[in-house]
Amino acid sequence: MPELTAALEEFVALVDPYGTSNSLSAKMVQLTMPGVPDVYQGTEFWDRSLTDPDNRRAVDFERRKAALAAIDAGVQTEARDELAKLLVTSRALRLRRDRPELFGGYSAVDAQGHAAEHLIAFDRGALATGGGAITLATRLPRKLERNGGWQDTFIRLGSAVRDELTGNSYPPGEVHVARLLQRYPVALLVPIG
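If you're matching positions, the sequence shown starts at 36 in the working numbering and goes up one per residue.
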């Protein structure tokens, strides 16, 4: 049995960075695409239980409240940290609640460059004017890494934006995806001003 445990731990270590990227990307797209977001209560952290999240396990609400308070106080987290999924969930849902005008439509955001196929990007602004919340999410992260990363891949921003996850601001014009996704495999950009 120790051999099996060791083999599983080795496999998890191998796929964890890609699974983390896929999970954060799926969560960001799910929370920002058109429609009503659905979140299972108690799944705000990484869950490696290999069971359906609807199995009615007890939820440690105090732990989640403390984690959310830490995020709100400015605690920095990395993509693989337990707080990363809660950061994405809380920021996306709060933005939808507080700024519904940023979620009035849907249009694709084109990426250009070597790894453009690895980016899911869309603007939730009004179809005629854009200017809404822009979602960026990494797809196929293992293949992206094997092909040399983002390299020259960029998107064009129509106005200055701020990333809700990092607080970083970016000017209008061409911005390299590697810069936008330096900290997390996802971004949620909102117009400044």
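Virtual Cβ for every residue (Gly too), placed ideally from N, Cα, C.
First and last residue of the uninterrupted alpha helix (DSSP H) at residue i
i, result
"F157", "F157 -> not in any alpha helix (DSSP H); beta strand (DSSP E) instead, spanning 154–158."
"A151", "Premise fails: A151 is in no alpha helix (DSSP H) and is neither H nor E."
"E44", "37–67"
"E97", "96–107"
Where the beta strand (DSSP E) through residue i begins and ends
i, result
"P135", "Element bounds for P135: n/a, residue is neither H nor E."
"P226", "221–226"
"V210", "208–211"
8 Å Cβ cutoff met for residue i and residue j
i, j, result
"G184", "G139", "no"
"S58", "T173", "no"
"R115", "P176", "no"
"T112", "L122", "yes"
"L171", "L130", "no"
Neighbour-count burial assignment, residue i, 16 or more Cβ in a 10 Å radius
i, result
"S56", "buried"
"S204", "exposed"
task: Enumerate, from N- to C-terminal direction, the unbroken beta strand (DSSP E) stretches of 3 or more residues contained entirely within the segment 173–199.
output: 189–192, 196–198
- prompt: Do the segment 68–80 and the segment 186–193 touch if we need at least three Cβ pairs shorter than 8 Å?
  reply: no
message: Would you call the segment 43–56 in contact with the segment 92–107, where contact means no fewer than 3 C-beta pairs closer than 8 Å?
response: no
task: Report yes or no: do three or more beta-carbon pairs, one from the segment 127–139 and one from the segment 216–227, lie closer than 8 Å?
output: yes
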